[in-house]
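*Asks:* Before I ask anything, let me first share the structure, which is written out below as structure tokens.
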Amino acid sequence: MSTLNHPSSSSDTEDMSLQLIDESKTYNPQTFSYFKDVNIEKCGLNYHIVSVFGSQSTGKSTLLNALFGTRFDVMNEIQRRQTTKGIWMALAKPASPQLLKSSLAEDAPASSPSTATPNILVLDVEGTDGRERGEDQDFERKSALFALATSEVLIVNMWESQVGLYQGANMGLLKTVFEVNLTLFQNASTKPNRSRILFVIRDHIGTTPLANLQATVVADLKRIWESLSKPPPAANSSLDDFFDLQFYALPHKILMPEQFSASTAQLSQYFTDPSSSSYVFKPEYHRGVPIDGWPIYSEKIWEQIEDNKDLDLPTQQILVARFRCEEIAAQAWGTFETSLAEAQKATNNGLGGSKVVEGFGRVIESIRSGTLEIFDSLASRYEKSVYKAKRADLLNKVDTRLANLYKAQLLALHKKAVAIFNNAVSASTNEQSKSTPFIDVVRKARSDALDFFVTNATEASVDPHVFTHNDELSNLEAELDDAETKAKRQEIKKISTKILKKIKSTLFTDLDGYFQSPEEDTWDKVLTFFNNTIQFAVSSATKLPTDKNGLVDGSKAPDFGVGASPEENEESIFKIRCEAWIALDARLKEIIKEDNILLRLRETFEDLFRYDDNGVPLVWKAGDDIEGPYLKAREQALKILPIYSNAVTKSGKPIIPDVDLEKYYEENPEDSGDFVVENSTFSTRLSANRQQEITKKFKKQADAAYVEAKRSTTQVFSRIPAWFYVILLVLGWNELMAVLRNPLLFVFVLLAGAGAYVAHTLNLWGPILSVTGAMTERTTEISKQKLREFLEVSGQQQEPASGRRGARPVAAQPVEDIELDDLTRKE
Numbered sequence: 001m002s003t004l005n006h007p008s009s010s011s012d013t014e015d016m017s018l019q020l021i022d023e024s025k026t027y028n029p030q031t032f033s034y035f036k037d038v039n040i041e042k043c044g045l046n047y048h049i050v051s052v053f054g055s056q057s058t059g060k061s062t063l064l065n066a067l068f069g070t071r072f073d074v075m076n077e078i079q080r081r082q083t084t085k086g087i088w089m090a091l092a093k094p095a096s097p098q099l100l101k102s103s104l105a106e107d108a109p110a111s112s113p114s115t116a117t118p119n120i121l122v123l124d125v126e127g128t129d130g131r132e133r134g135e136d137q138d139f140e141r142k143s144a145l146f147a148l149a150t151s152e153v154l155i156v157n158m159w160e161s162q163v164g165l166y167q168g169a170n171m172g173l174l175k176t177v178f179e180v181n182l183t184l185f186q187n188a189s190t191k192p193n194r195s196r197i198l199f200v201i202r203d204h205i206g207t208t209p210l211a212n213l214q215a216t217v218v219a220d221l222k223r224i225w226e227s228l229s230k231p232p233p234a235a236n237s238s239l240d241d242f243f244d245l246q247f248y249a250l251p252h253k254i255l256m257p258e259q260f261s262a263s264t265a266q267l268s269q270y271f272t273d274p275s276s277s278s279y280v281f282k283p284e285y286h287r288g289v290p291i292d293g294w295p296i297y298s299e300k301i302w303e304q305i306e307d308n309k310d311l312d313l314p315t316q317q318i319l320v321a322r323f324r325c326e327e328i329a330a331q332a333w334g335t336f337e338t339s340l341a342e343a344q345k346a347t348n349n350g351l352g353g354s355k356v357v358e359g360f361g362r363v364i365e366s367i368r369s370g371t372l373e374i375f376d377s378l379a380s381r382y383e384k385s386v387y388k389a390k391r392a393d394l395l396n397k398v399d400t401r402l403a404n405l406y407k408a409q410l411l412a413l414h415k416k417a418v419a420i421f422n423n424a425v426s427a428s429t430n431e432q433s434k435s436t437p438f439i440d441v442v443r444k445a446r447s448d449a450l451d452f453f454v455t456n457a458t459e460a461s462v463d464p465h466v467f468t469h470n471d472e473l474s475n476l477e478a479e480l481d482d483a484e485t486k487a488k489r490q491e492i493k494k495i496s497t498k499i500l501k502k503i504k505s506t507l508f509t510d511l512d513g514y515f516q517s518p519e520e521d522t523w524d525k526v527l528t529f530f531n532n533t534i535q536f537a538v539s540s541a542t543k544l545p546t547d548k549n550g551l552v553d554g555s556k557a558p559d560f561g562v563g564a565s566p567e568e569n570e571e572s573i574f575k576i577r578c579e580a581w582i583a584l585d586a587r588l589k590e591i592i593k594e595d596n597i598l599l600r601l602r603e604t605f606e607d608l609f610r611y612d613d614n615g616v617p618l619v620w621k622a623g624d625d626i627e628g629p630y631l632k633a634r635e636q637a638l639k640i641l642p643i644y645s646n647a648v649t650k651s652g653k654p655i656i657p658d659v660d661l662e663k664y665y666e667e668n669p670e671d672s673g674d675f676v677v678e679n680s681t682f683s684t685r686l687s688a689n690r691q692q693e694i695t696k697k698f699k700k701q702a703d704a705a706y707v708e709a710k711r712s713t714t715q716v717f718s719r720i721p722a723w724f725y726v727i728l729l730v731l732g733w734n735e736l737m738a739v740l741r742n743p744l745l746f747v748f749v750l751l752a753g754a755g756a757y758v759a760h761t762l763n764l765w766g767p768i769l770s771v772t773g774a775m776t777e778r779t780t781e782i783s784k785q786k787l788r789e790f791l792e793v794s795g796q797q798q799e800p801a802s803g804r805r806g807a808r809p810v811a812a813q814p815v816e817d818i819e820l821d822d823l824t825r826k827e
């Protein structure tokens with residue numbers, strides 16, 4: 001059944017027309033869908049229904065097109081054949097401006113609207129008295145009654161020459177309609193449903209005034225009304241109780257085209273100008289049914305009209321045709337079952353299975369066409385309507401069975417197409433495919449998979465109207481979208497891993513250098529280094545977005561070159577920056593350890609306290625000011641501790657990650673271990689307690705250096721009397737001679753004396769004594785440790801030996817702790 005008509009001259013939805021009831025008296029179930037297409041499904045009660053009927057080939061469709069801007073098919077003047085079949089519906093459009101600008105339309109009121117309202121639905125009814133239906137007047141009577149029952153305004157189209165005729169003026173049809181109208185709509189409790197009948201007199205040449213033609217038609221209608229057998233509730237009713245009559249004359253369209261256009265334009269204002277006295281619509285004409293309920297309402301009206309007279313009783317010929325066609329259909333179905341079983345055997349039960357069957361379409365087409373061929377050869381001799389109906393039933397039964405096999409074939413094709421895509425993407429990691437961009441690999445893989453599916457699904461379809469693969473294709477596209485997204489994410493993850501590896505490597509090797517000699521702008525340098533490291537690593541593996549001028553657009557995320565959306569690229573960059581900040585935090589924890597900070601503080605202190613500005617070691621002498629340089633060096637060393645403790649720029653702004661790490665951990669819970677990095681605490685590298693502990697330990701080390709320097713300046717020199725040297729010479733004359741006579745001993749004494757002289761001259765006794773004291777202290781500690789280890793080992797060896805000899809347990813003797821005093825310590 002033809003449902004929608006799209007005129008070739010326009011693609012607007014308002015140009016569409018709907019075959020509401022076809023020539024076979026079938027109501028169109030897509031009426032509401034049509035209302036949606038023309039955007040009136042929500043207009044409520046703000047609509048009007050106008051219909052037209054009249055004799056065939058009198059220009060009804062032409063009139064409607066001129067009045068309402070519709071595109072109903074019109075008759076071919078040369079062939080003179082029936083054009084409108086059944087009842088068609090269309091939405092009125094604004095009237096053509098050319099009609100209203102005609103010089104012959106000057107009589108039209110200036111205030112009248114020039115366009116038709118967009119909520120007028122027009123019904124074009126099949127013409128009466130056509131040779132195609134001949135004496136079969138059932139449809140024309142029912143269609144006329146349907147038009148009256150549903151329309152507010154009924155246009156009766158007739159030529160001037162038909163006025164006064166009975167059949168030509170459709171008087172017989174109107175009489176039948178009036179009769180059925182009375183019985184169908186009237187009862188004791190209802191108010192008469194009024195409508196307007198607008199008689200349009202065509203080809204009016206003016207010889208007979210319109211008033212005279214109107215009087216003739218009205219007289220004929222009243223005479224028909226009076227002759228009707230009315231039901232008791234309407235026994236005293238008149239024609240005016242049900243209908244308002246209105247007349248309008250139009251000149252000849254061919255002979256007087258300008259006058260016809262002007263008159264048509266003026267008539268169109270009857271439907272568009274509520275202020276006009278000739279306005280055709282009145283509130284009482286409306287049926288009171290909202291537009292969304294009109295399809296159901298009109299369908300029920302048509303059912304009532306269809307059931308009003310039993311005009312379709314089957315003849316004996318139809319009964320026989322039905323019986324025989326059923327038998328032939330059963331025979332054809334048996335042949336179908338046999339052919340299908342043979343096909344299953346030939347394909348190893350592949351039909352309906354999980355694997356793709358080669359030549360599926362050819363197999364199914366052979367079975368289907370063979371079944372229909374048997375039915376057609378035997379049943380086509382019977383009554384056509386019965387034959388076609390039974391053939392449709394058989395074909396539906398066959399197609400239903402085959403559709404299940406076709407669906408299984410589609411599922412197998414779907415599965416194989418996905419495998420084609422996945423295999424192609426997986427193969428892209430091979431050495432041979434690395435030269436091909438990943439996005440090209442994915443696009444080609446997707447194209448190949450879809451081409452494979454569509455080609456084979458089309459080949460498997462024996463009837464594109466029945467065996468369609470659109471739904472399965474949509475499912476395949478959705479699954480390929482998921483697979484493509486997954487592949488892109490994996491590729492992005494692979495690229496991100498490389499980027500992060502490069503970032504972490506750079507942080508590990510270069511970040512420590514910024515904290516060797518910390519300054520006020522150290523964290524500024526660290527932050528710049530960190531951002532540059534990320535930018536370099538990302539840019540080396542991605543493509544930076546550019547604007548229309550070819551410049552880098554910093555507002556957009558870099559493109560990973562895998563065909564991902566800007567949102568996906570931005571999300572990946574977000575993850576990279578989050579993991580980079582986490583890596584920076586981990587590296588800073590390694591650098592800013594307590595031992596490392598103490599070492600940096602001590603080195604800074606010693607550089608200031610033990611060396612001068614030129615880097616020469618300082619030698620302290622008795623009387624030198626040691627306390628001043630000591631306090632200054634310690635103070636300068638402690639100034640770098642806050643730099644390590646707080647990640648703050650030179651301007652005093654805390655360094656906070658520019659990404660939401662909390663959001664990252666929520667989206668990646670597998671990365672949140674026992675410790676997570678927080679934005680709010682990132683800038684605090686050392687707590688106040690840890691700073692105090694480090695300060696205390698450093699001061700102890702600095703104090704030790706101060707004491708050591710102080711000791712180097714303390715030297716005790718006692719004056720020996722001159723007579724002591726005389727006594728020493730007398731008493732030690734033999735020893736002196738022994739030394740002078742022994743060359744080795746003499747050389748040793750000579751070297752020792754020279755060394756002592758040099759040390760005294762250069763004032764090196766302080767450093768020598770300090771070194772000697774430190775060596776003595778260290779030797780003492782090692783000796784104590786070795787002595788403890790020896791005693792512990794000896795005790796462990798004695799206990800098992802005593803147990804083996806069966807010795808009696810000896811009471812534990814108190815062990816006396818002996819502390820060895822540090823002989824270098826001064827009281």
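By full-length UniProt numbering, the letter at position 794 of the sequence shown is numbered 794, and the numbering carries on one by one without gaps. Glycine residues also receive a C-beta, built at the ideal position from the N, C-alpha and C atoms.
Taking N531 as the reference, give the member of R443, K25 and R577 with the closest Cα.
*Replies:* R577
*Asks:* Do you know how far the Cα of E284 is from the Cα of Q162?
*Replies:* 31 Å
*Asks:* Rounded to whole angstroms, what's the CA-CA distance from S517 to L599? Just pull it up for me.
*Replies:* Using only the alpha carbons, I get a separation of about 12 Å.
*Asks:* Can you find the residues in the same chain that come closer than 8 Å, C-beta to C-beta, to V758, ignoring five residues on each side of it along the sequence?
*Replies:* L764
*Asks:* Which runs of the alpha helix (DSSP H) spanning at least 4 residues fall entirely within the stretch 527-603, listed in chain order?
*Replies:* 566-591
*Asks:* Determine the contact status of V122 and A92, defining contact as a CB-CB distance below 8 Å.
*Replies:* yes
*Asks:* Do A424 and F453 have their C-beta atoms within less than 8 Å of each other?
*Replies:* no
*Asks:* Alpha carbon to alpha carbon, how far is L584 from V526? Give it in angstroms, no decimals.
*Replies:* 10 Å
*Asks:* In the DSSP assignment, the alpha helix (DSSP H) including V398 goes from what residue to what residue?
*Replies:* K384 to A427
*Asks:* So, with DSSP's three-state summary, where would you put V280?
*Replies:* When secondary structure is reduced to three states using DSSP, V280 falls in the coil class, being assigned neither helix nor strand.
*Asks:* Give every residue of the same chain whose Cβ lies closer than 7 Å to the Cβ of T684, excluding the five residues on either side of it in the sequence, and list them in chain order.
*Replies:* N646
*Asks:* Check the DSSP bridge columns for S55 and list the partner residues they point to.
*Replies:* As a beta-bridge residue in DSSP terms, S55 pairs with T128.
*Asks:* When DSSP labels each residue in this structure, what does T681 get in the three-state scheme?
*Replies:* coil
*Asks:* Less than 8 Å between the C-beta atoms of residue 877 and T335, yes or no?
*Replies:* Not covered by the structure: residue 877. The range shown for the chain is 1 to 827.
*Asks:* Tell me the residue span of the beta strand (DSSP E) that contains residue 844.
*Replies:* For residue 844 there is no data in the structure shown, the boundaries of the chain being 1 and 827.
*Asks:* In the DSSP assignment, find the unbroken alpha helix (DSSP H) run with F443 in it and report its ends.
*Replies:* Note that residue 443 corresponds to Arg in the displayed sequence, not to Phe. Counting along the chain, the alpha helix (DSSP H) containing R443 begins and ends at F438 to A460.
*Asks:* Where does E484 land, buried or exposed, given buried means 16+ other C-beta within 10 angstroms?
*Replies:* Classification of E484: buried, given that the 10 Å Cβ count is 16 or more.
*Asks:* Counting C-beta neighbours from all protein chains within 10 Å, is the total for L20 16 or more, i.e. buried, or is it exposed?
*Replies:* buried
*Asks:* For the beta strand (DSSP E) containing S195, name the first residue and the last one.
*Replies:* Segment S195 to R202, the beta strand (DSSP E) holding S195.
*Asks:* In or out: L18 buried (at least 16 other Cβ within 10 Å) or exposed?
*Replies:* buried
*Asks:* By a C-beta neighbour count over all protein chains shown, 10 Å radius and 16 as the cutoff for buried, is M16 buried or exposed?
*Replies:* buried
*Asks:* In the structure shown, what three-state DSSP assignment does A235 receive?
*Replies:* When DSSP states are grouped into helix, strand and coil, A235 belongs to the coil group.
*Asks:* Roughly how many whole angstroms lie between the Cα atoms of L210 and L267?
*Replies:* In a straight line, the C-alpha of L210 is about 15 Å away from that of L267.
*Asks:* Could you please give me the residues that DSSP links to I87 through a beta bridge?
*Replies:* Residue pairing by DSSP places I87 opposite I21 and V125 in a beta bridge.
*Asks:* Which of the three DSSP states is assigned to I640 in this structure?
*Replies:* coil
*Asks:* Taking contact to mean at least 3 C-beta pairs separated by less than 8 Å, is the stretch 598-615 in contact with the stretch 567-576?
*Replies:* no
*Asks:* For V153, list the residues DSSP reports as bridge partners.
*Replies:* V50 and R196
*Asks:* Once you ignore the five residues that flank I305 on each side, which residues in its own chain have a CB closer than 6 Å to its CB?
*Replies:* K142, L145 and F146
*Asks:* Could you tell me which of V50, A705, T58 and K575 sits nearest to D203, measuring between CA atoms?
*Replies:* T58
*Asks:* Is it buried or exposed for N470, if we count other Cβ within 10 angstroms and need 16 for buried?
*Replies:* exposed
*Asks:* Report back the beta-carbon spacing between T695 and L638 to the nearest angstrom; my notes put them in contact at under 8 Å.
*Replies:* 7 Å
*Asks:* On a CA-only basis, which of P233, M171, V153 and D658 is nearest R194? Give me that one, please.
*Replies:* The shortest C-alpha separation from R194 is found at V153.
*Asks:* Under the rule that 16 or more other beta-carbon atoms within 10 Å means buried, what is L251, buried or exposed?
*Replies:* Here residue 251 is Pro; the residue named in the question, Leu, does not match the sequence. Per the 10 Å Cβ criterion, buried.
*Asks:* Just curious, the alpha helix (DSSP H) that S263 is in, first and last residue?
*Replies:* P257 to S268
*Asks:* With a threshold of 16 other CB atoms inside 10 Å of the CB of N46, please say whether the residue is buried or exposed.
*Replies:* exposed
*Asks:* Relative to the alpha-carbon of A460, which residue among K345, R362, F438 and S229 has its alpha-carbon at the smallest distance?
*Replies:* R362
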